[in-house]
Every structure is written in C-alpha cells, then in structure tokens.
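Numbering (this note's numbering), first residue to last: 1061 to 1347.
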C-alpha cells in the first residue's frame, strides 16, 4: 500500500504536465471560438456568432463532406490493400524480410515531401504519369487541377504513402497467429478462401479494428498532402476541415471562426468515438 502511494507521487508530475498540455489548448480554443478577433484588432466577445456563421455558410459543410469522403475511401482502400499484401507476402519463404523492409520505405517520407513529389509526377505537362500514359495513346488529365480527378488523386497519394502502415501491422499480426487452427482447417479439407474467412479473419479482427481506428483518426486530420498539392482547390473540391481552419485563420485572419471550426469538428469526432465505444461495449457484453 505504501509502495503504491509512492508510485502515485512519482507519476503525479507527469500526469499534471500531460493534463495541462492537453487541456489548455482545448480550453483556449473554446474561449477563442467565442471571440471576434482579426489580426491587429482588439478581441471582442460575440458569443455563439462564429458557430452560427460557419454552420450557416457553405464552406464548413463542404469541407466536412470532403474530409469524410477522403477518410472513408482512403481507410477502406489502404486496409484492403495492406491485408492483401500481408496475406501474399506471408506465403513467401525467401526474401519476405527484404520485401517488408522495402514496403515501409514510404512511411519514412514526410507528408509535405510526399505531396511535392506527387505534385511533380502528376503535373499535366511535365509529370511522368501523363508521359507514361501518352506512350500507350491515353491522354492524361490534369489530375490535381480538375474537380472530378482532384480528390481521387489525393486518395491515391495517401494510399501510396500509408498502405505501408496497414501492411506492416497486419503482416506482424499474421506471423503471430497460432498454427494449430490452420492445421486443423487443412485436415478438414477447407479451401484457402474458407480458411481465410473462418480462421484467419476472425483471429485478425481485433487487429483490423485497431488499424481501422488509427487510420480513421489520421485521415480525418488530413492537411499536409492537401496543403502541398492542391491547397484545397480546385473550387474547394479537396478542402478538408483542417485546411479550412488554416485558411480561415492565416489567410482571412478570422481566428475566432477558425477556432469555432476546430471545436465543432472535435465535437463531431468525440460523438463518433462515444458511439463506437457504446457499440463495442454492447458487442462485448453479448459475447
């Protein structure tokens, strides 16, 4: 008992610092969202006016739609690709370690660097992608410059960059699965698909859920690859919530509105997290 008390005193400073570092920005953002504060002017309390303005305008709903559109497609594609690659490479006996090492190389590149590299590659006149398409007689579009192709291009860039994350987690999970269920399935004459569906997938489910949660959180915060490629254009087709908050604060200098955008988006994400925890708790009780 005495030892536990000493441990609490030892970790108390770290917990206080963590709480201060976490709570202060949240409280300050909430306070700032109630002010009308432009660059160089005196802050003025306006209550909920900033929230009314962003919710009644077209910018925030459009950015919210873009963010979830990006998140859903990016997470689904990256998870499926990562799982497929993990299953395929798990069957390789020679060179699997080298392939895994090469697969995670994109993760070592920063988001801004990735966006600039792909911006050059997707350039309609100088980019290598359109050049390769021209070799087979296919005219390449302005990938990042037109509304129909801009968001799919951003999703493609993020897929190239972050599939490595889902792959390495799922590959490690596959290697840690016990061999006995697979041996039993083989003796029962199960096909590869049946083995995957009834043996592999149920055992991978906790890891898959974790991967999806991590990737969803990360994609909802998307900013760097949009900032480095389209800047939210064309015609706001790729403007995410984070990008809108940045533009509102540092280009329009409406800091109160920018804080209100961050607060509303945080509340939406918090609501989704609570709903997920409630569903997960119900499933656990039923099990």
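Even for Gly, the Cβ is constructed at its ideal location relative to N, Cα and C.
Which residues in the same chain have their Cβ closer than 6 Å to the Cβ of residue 1230, if we skip the five residues on either side of it in sequence?
Position 170 of the chain shown, counting from 1, holds the residue named residue 1230. Listed in chain order, the non-local C-beta contacts of residue 1230 below 6 Å within the same chain comprise 1142, 1143, 1146, local neighbours out to five positions each way being set aside.
Going by beta-carbon coordinates alone, are residue 1303 and residue 1283 separated by less than 8 Å?
Residue mapping note: residue 1303 aligns to position 243 of the chain shown, counting from 1. Residue mapping note: residue 1283 aligns to position 223 of the chain shown, counting from 1. Yes, these two residues count as a Cβ contact at 8 Å.
So residue 1248 is in the alpha helix (DSSP H); what residue range does that whole segment cover?
Position 188 of the chain shown, counted from the first residue, corresponds to residue 1248. It is not in any alpha helix (DSSP H) - residue 1248 carries neither H nor E in the DSSP assignment.
Could you tell me whether the stretch 1304 to 1322 touches the stretch 1085 to 1103, using the rule of 3 or more Cβ pairs below 8 Å?
Yes, the stretch 1304 to 1322 touches the stretch 1085 to 1103.
Selected residue, minimal CA-CA separation from residue 1176, among 1161, 1192, 1218
The count along the chain shown starts at 1 and reaches residue 1176 at position 116. The shortest Cα separation from residue 1176 among 1161, 1192, 1218 belongs to 1218.
Give every residue of the same chain whose Cβ lies closer than 7 Å to the Cβ of residue 1285, excluding the five residues on either side of it in the sequence, and list them in chain order.
Here residue 1285 refers to the residue found at position 225 when the chain shown is read from its first residue. Within the same chain, and ignoring the five residues on either side of residue 1285 in sequence, the residues whose Cβ sits closer than 7 Å to its Cβ are 1171, 1174, 1175, 1214, 1217, 1218.
Decide if the stretch 1244 to 1264 is in contact with the stretch 1067 to 1087; the criterion is three or more beta carbon pairs, one per stretch, under 8 Å apart.
no
Look at the alpha carbon of residue 1166 and the alpha carbon of residue 1225, and state the distance between them as a whole number of angstroms.
For the purposes of this step, residue 1166 is taken as residue 106 along the chain shown, with counting starting at 1. For the purposes of this step, residue 1225 is taken as residue 165 along the chain shown, with counting starting at 1. For residue 1166 and residue 1225, the distance between alpha carbons rounds to 9 Å.
Alpha-carbon to alpha-carbon, residue 1281 and residue 1189:
The residue given as residue 1189 occupies position 129 in the chain shown. The residue given as residue 1281 occupies position 221 in the chain shown. Residue 1189 and residue 1281: Cα-Cα distance of roughly 28 Å.
What three-state label does DSSP hand residue 1092 in the structure shown?
One-based indexing of the chain shown puts residue 1092 at position 32. In this structure, residue 1092 counts as helix in the three-state DSSP scheme.
Please classify residue 1311: does DSSP put it in a helix, a strand, or coil?
Here residue 1311 refers to the residue found at position 251 of the chain shown. Looking at residue 1311 - three-state DSSP - the assignment turns out to be coil, as it is neither helix nor strand.
Label residue 1249 either buried or exposed according to how many other C-beta atoms from any shown protein chain fall within 10 Å of its C-beta, with 16 as the threshold for buried.
Here residue 1249 is taken as the residue at index 189 of the chain shown, counted from 1. Answer is exposed; the Cβ neighbour count stays below 16.
How long is the line joining the alpha carbons of residue 1124 and residue 1301, rounded to whole angstroms?
What you label residue 1124 is simply residue 64 of the chain shown in a count that begins at 1. What you label residue 1301 is simply residue 241 of the chain shown in a count that begins at 1. Answer to the nearest angstrom: the Cα atoms are 6 Å apart.
Does DSSP put residue 1283 in a helix, in a strand, or in coil?
Position 223 of the chain shown, counting from 1, holds the residue named residue 1283. It is coil, neither helix nor strand.
Closest residue to residue 1294 among 1212, 1323, 1116, 1268 (Cα-Cα distance)
For the purposes of this step, residue 1294 is identified with residue 234 of the chain shown, where counting begins at 1. With distances taken between Cα atoms, residue 1294 lies closest to 1212.
Could you tell me the distance, in whole angstroms, from the CA atom of residue 1194 to the CA atom of residue 1200?
Here the question's residue 1194 lines up with position 134 in the chain shown. Here the question's residue 1200 lines up with position 140 in the chain shown. Rounded to the nearest whole angstrom, the CA to CA distance from residue 1194 to residue 1200 is 7 Å.
Are the CB atoms of residue 1205 and residue 1184 nearer to each other than 8 Å?
Here residue 1205 refers to the residue found at position 145 when the chain shown is read from its first residue. Here residue 1184 refers to the residue found at position 124 when the chain shown is read from its first residue. Yes; because the gap between Cβ atoms is below 8 Å, this pair is in contact.
Using a Cβ-Cβ cutoff of less than 6 Å, which residues in the same chain neighbour residue 1203 once the five nearest sequence positions on both sides are dropped?
Here residue 1203 refers to the residue found at position 143 of the chain shown. The answer, listed in chain order, is 1182, 1209, 1213.
Assign residue 1258 to buried or exposed, taking buried as 16 or more other Cβ atoms, counted over all protein chains shown, within 10 Å of its Cβ.
Locating residue 1258 in the chain shown gives position 198, counting from the first residue. Counting C-beta atoms within 10 angstroms of its own C-beta, residue 1258 has fewer than 16 neighbours from the protein chains shown and is therefore classed as exposed.
Which stretch, first to last residue, makes up the alpha helix (DSSP H) that contains residue 1127?
Here residue 1127 is taken as the residue at index 67 of the chain shown, counted from 1. Looking at the DSSP string, the run of the alpha helix (DSSP H) that includes residue 1127 is 1119 to 1150.
Just the C-alpha distance for residue 1088 and residue 1148, rounded to the nearest angstrom, thanks.
Here residue 1088 refers to the residue found at position 28 when the chain shown is read from its first residue. Here residue 1148 refers to the residue found at position 88 when the chain shown is read from its first residue. When rounded, the distance between both Cα atoms is 49 Å.
Assuming residue 1150 contacts residue 1247 under a Cβ cut-off of 8 Å, what Cβ separation, rounded to an integer in Å, is found between them?
As a working mapping, residue 1150 is identified with position 90 in the chain shown. As a working mapping, residue 1247 is identified with position 187 in the chain shown. Rounded, the Cβ-Cβ distance is 20 Å, inconsistent with contact.
For residue 1306, which residues from the same chain have a beta carbon less than 8 Å from its beta carbon, with the 5 sequence-adjacent residues on both sides left out?
For the purposes of this step, residue 1306 is identified with residue 246 of the chain shown, where counting begins at 1. Within the same chain, residue 1306 has close Cβ partners 1283, 1287, 1318.
Where residue 1153 falls, given that 16 or more other Cβ within 10 Å makes a residue buried:
Position 93 of the chain shown, counted from the first residue, corresponds to residue 1153. It is exposed - the Cβ of residue 1153 has fewer than 16 other Cβ atoms within 10 Å.
Same chain only: Cβ atoms within 7 Å of residue 1309, ignoring 5 sequence neighbours per side
Walking along the chain shown from the start, residue 1309 turns up at place 249. So the list reads 1315, 1318, once near-sequence residues are dropped.
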